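Participant: Heads up: the sequence shown runs through residues 0 to 573, numbered per numbering that gives the first Met the number 0.
Backbone N, C-alpha and C define an ideal beta-carbon position, used for all residues, glycine too.
Note that the coordinates shown come from a computational prediction; the quantities given were computed from them, not determined experimentally.
I am attaching a structure below and will ask some questions about it afterwards.
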Amino acid sequence: METKDKPSEKTLTAEEGTKPAVTNFIRSIIDRDLESGKHSGIVTRFPPEPNGYLHIGHAKSICLNFGLARDYKGRCHLRFDDTNPVKEDVEYVDSILADVRWLGFDWAEHLYYASDYFDKLYEFAEYLINEGKAFVCDLSLDELREYRGTLTVPGKNSPYRNRSRDENLDLFRRMKAGEFPEGSRSLRAKIDMASPNLNMRDPVIYRIKKTHHHRTGSDWQIYPMYDYTHCISDALERITHSICTLEFEDHRPLYDWILDQLPVPCHPQQIEFARLNLAYTVMSKRLLLELVTTNLVNGWDDPRMPTIAGMRRRGFPPEAIREFADRIGVAKANSMVDDELLFFCIREELNRTALRRMAVLSPLKLVITNYPEDHEEELDAENNPENASAGSRKISFGKELFIEAEDFSENPPKGWFRLSPGQEVRLKHAYYITCNEVVKDEAGNITEIRCSYDPASRGGWTEDGRKVKGTLHWVSARHCIPVELRLYDRLFTQADMSELEPGKTYKDYVNPASLEINKRCLAESSLANTTPGERFQFLRIGYFCTDYDSKPDSPIFNRITSLRDSWAKLSKKQ
Ligand code: ATP
Ligand code: MG
């Protein structure tokens with residue numbers, strides 16, 4: 000498969016995103032509004048449509064809106080924009096509640112649904128009709144499109160534009176009563192068909208839909224459009240700053256026009272910022288849904304998905320996602336963010352917090368010839384050298400061990416500092432060993448390494464201060480447990496998934512090696528009883544998280560990310 004790495008516009012690298020943004024243009028606007036007395040406090044909102052699971056782009060918006068409320072001691076509402084019952088579902092509502100909470104934010108009692116405002120929205124629509132600002136239109140969808148014009152061709156007035164107030168009211172009420180079929184009529188705002196802004200060309204504000212709604216059931220035969228609903232919901236909740244992504248910039252005149260016509264309690268300010276685009280992934284809900292329904296991934300919480308549920312299952316800490324959101328900051332221009340910046344934040348967090356453990360991905364047997372038969376001992380191993388309060392654990396040591404096959408070389412290249420014939424290395428937390436013999440099968444494959452150990456080097460150091468260059472991880476053959484590792488890589492092979500080669504679809508860029516399962520891995524016994532969601536550093540291998548499918552008799556770990564050093568490549572070669 001051909002890959003082309005062409006990040007669009009600017010790519011923010013891990014090095015560039017070094018310091019959290021202290022301020023940004025949104026904060027400047029808020030500072031000004033507070034200073035001038037326009038507002039005495041701020042109210043923001045995060046307004047997802049419950050038509051899919053949240054993804055890392057939503058996380059940016061959540062961190063921004065809830066973060067501003069936190070920093071300015073205001074509040075942030077969680078509001079479901081549930082105006083399109085066709086695509087919406089309670090499963091999505093529940094997942095969104097869980098995801099926002101998991102990210103570390105709290106809406107307190109400020110949970111709202113646009114559908115709670117359906118009565119109010121309807122009243123306002125009648126108000127617009129009474130004011131001569133809205134009319135019932137009988138054009139079909141195709142005709143609406145044709146009458147709308149284009150960027151270069153002005154639109155044409157609907158033949159129904161000059162209906163009387165009474166006729167409009169009567170027809171709108173009958174639309175509500177369910178008298179007309181879907182698509183036969185709509186309610187439109189009466190603005191300006193010649194406007195250069197297509198959104199202002201008498202936009203539809205209500206359409207007939209005879210669909211069951213997840214909250215209002217079959218109460219409604221008509222549903223308000225997003226643009227109409229959103230600004231009114233903001234005003235009813237007395238939002239001060241309505242922060243959205245750049246594609247809504249052209250909708251702002253409509254947002255303002257609607258609020259200007261209506262007796263609403265306030266007029267929030269819409270502010271747009273650039274959405275997050277992350278390299279090597281897609282974020283369109285339509286594509287994410289398709290990945291799920293076509294089984295290209297194993298569900299919304301597949302650890303390869305950019306969804307919050309997927310990232311949680313994979314083991315990304317919420318702290319790291321918040322840190323990532325702070326580092327990328329907010330801007331007015333679209334850009335592509337390198338996924339390494341996200342992994343940088345994850346490693347920083349996990350280096351501080353993840354408990355260290357030992358596991359061998361590709362085991363090679365090692366026998367210590369001068370170690371007493373049937374003897375075994377317990378050695379002390381610190382849980383996290385970065386954090387003394389993480390304490391230590393006991394690990395079992397015996398005559399037979401397993402080391403990583405790649406840590407031994409019979410004919411080492413120059414500069415080799417791992418194990419090779421005659422070379423002394425340290426076994427982490429244990430002893431110094433020297434390789435004396437290599438055992439092979441008939442085909443010439445190495446089956447066993449025989450070493451001697453220095454009993455005076457217990458704990459991994461000697462009194463004579465003798466130095467060794469390499470330190471290897473290992474497990475005791477008698478005590479280790481088999482575990483399954485799920486090794487994840489990028490879901491797509493191209494950084495910028497918004498620019499595909501002609502004739503190709505995103506499916507042509509799915510990485511065939513995005514999931515590798517390793518069932519040969521042997522791990523120290525303390526990994527037998529872990530809880531799904533627990534995170535570890537497997538020494539020299541990477542960060543791992545216990546999967547939801549894990550059972551005490553068959554533990555399963557997801558690789559969160561490799562370590563930065565090249566040792567991590569071991570896992571790739573499985
Ligand atoms: P769609 O509207 O096509 O269903 P959406 O991604 O806009 O998809 P919403 O549920 O409407 O989904 O999004 C909720 C909020 O999250 C919106 O305010 C939106 O601007 C913001 N948001 C969505 N995607 C991103 C992104 N990639 N970066 C930053 N904010 C985003
Ligand atoms: Mg949206």
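#1: Quick check: does the Cβ of Leu275 come within less than 7 Å of any heavy atom belonging to ligand 3?
#2: Would you say Ser232 and Tyr121 are within 8 Å of each other, going by their C-beta atoms?
#3: Residue range of the beta strand (DSSP E) that Thr492 falls in?
#4: Between which two residues does the alpha helix (DSSP H) carrying Tyr205 extend?
#5: Going by Cα to Cα distance, which pick from Glu447, His478, Arg425 and Ser497 is closest to Lys468?
#6: Nearest CA to the CA of Ser157: which residue from Lys189, Gly73, His54 and Glu372?
#7: Using three-state DSSP, classify Ser553 as helix, strand or coil.
#8: Using a threshold of 7 Å, is the CB atom of Met224 nearer than that to any non-hydrogen atom of ligand 1?
#9: If you drop the 5 nearest sequence neighbours on each side, which residues of the same chain put their C-beta closer than 7 Å to that of Pro420?
#10: Using a 10 Å radius around the Cβ and a threshold of 16 neighbouring Cβ atoms, would you call Pro46 buried or exposed?
#11: Could you round the C-beta distance between Leu486 and Arg558 to whole angstroms and report it? I think they count as a contact, below 8 Å.
#12: Given 8 Å as the limit, is there contact between the segment 439-450 and the segment 362-370, that is, 3 or more CB pairs closer than that?
#13: Is the beta carbon of Cys230 within less than 7 Å of some heavy atom of ligand 1?
#14: State the beta-bridge partners of His76 as determined by DSSP.
#15: Based on the DSSP secondary-structure assignment, which residues constitute the bridge partners of Gln656?
#16: Between Asp546 and chain B, is any beta-carbon pair separated by less than 8 Å?
#17: Out of curiosity, what's the CA-to-CA distance linking Ala20 and His266?
#18: Which residue's Cα is closest to the Cα of Val113: Met199, Leu150 and Glu48?
#19: With H, G and I counted as helix, E and B as strand and the rest as coil, what does DSSP make of His250?
#20: Please confirm whether Ala278 and Asn333 have their CB atoms less than 8 Å apart.
#21: Out of curiosity, what's the CA-to-CA distance linking Thr560 and Ile516?
#22: Answer yes or no: the CB of Asp80 versus the heavy atoms of ligand 1, is any distance below 7 Å?
#23: In this structure, what does DSSP give as the bridge partners for Asn517?
#24: Which residues bound the beta strand (DSSP E) around Met335?
#25: Is Phe24 near ligand 1, with its Cβ less than 7 Å from a heavy atom?
#26: Three-state secondary structure (DSSP) at Cys479?
#27: Does DSSP put Ser456 in a helix, a strand or coil?
#28: Return helix, strand or coil for Gly397, following the three-state DSSP convention.
#29: Where Ile207 and Arg251 are concerned, what is the direct C-alpha to C-alpha distance, given to the nearest angstrom?
#30: Using 8 Å as the threshold, is the C-beta distance between Ile394 and Ala380 below it?
#31: Within its chain, find whatever has a CB closer than 8 Å to the CB of Tyr159; leave out the 5 residues flanking it on each side and keep chain order.
#32: Per DSSP, what kind of secondary structure is Cys243 in: helix, strand or coil?
#33: Glu377: which of Ser525, His54 and Ile128 sits nearest, CA to CA?
#34: Excluding the five sequence neighbours on either side, which residues of its own chain have a C-beta within less than 7 Å of the C-beta of Leu275, listed in chain order?
#35: Roughly how many angstroms separate the alpha carbons of His472 and Arg539, rounded to a whole number?
#36: On the three-state DSSP scale, how would you describe Leu260?
Facilitator: Straight from the coordinates:
#1: Absent from the structure shown: ligand 3. Ligands present: ligand 1 and ligand 2.
#2: no
#3: Here Thr492 belongs to no beta strand (DSSP E), and DSSP marks it neither H nor E.
#4: Unbroken run through Tyr205 is the beta strand (DSSP E), Val203 to Ile207; no alpha helix (DSSP H).
#5: Arg425
#6: Lys189
#7: strand
#8: no
#9: Glu409, Cys434 and Val437
#10: buried
#11: 5 Å
#12: yes
#13: no
#14: Arg44
#15: The requested residue 656 does not occur in the structure, where the chain is confined to residues 0 to 573.
#16: Absence of chain B from the displayed structure is noted, only one protein chain being present.
#17: Residue confidence for Ala20 is low, a pLDDT of 46 falling below 50, so the modelled location carries little weight and cannot support an answer.
#18: Looking at the sequence provided, one finds Ala at residue 113 rather than Val. Ala113 has its Cα closest to that of Glu48, out of Met199, Leu150 and Glu48.
#19: helix
#20: no
#21: 15 Å
#22: yes
#23: Leu484
#24: Ser334 to Val336
#25: no
#26: coil
#27: helix
#28: strand
#29: 25 Å
#30: yes
#31: Phe134, Val135, Cys136, Asp137 and Leu138
#32: strand
#33: Ser525
#34: Ile55, Gly56, Lys59, Ile327 and Val336
#35: 8 Å
#36: Per the sequence shown, residue 260 should be read as Gln rather than Leu. DSSP places Gln260 in helix when its eight states are reduced to three.
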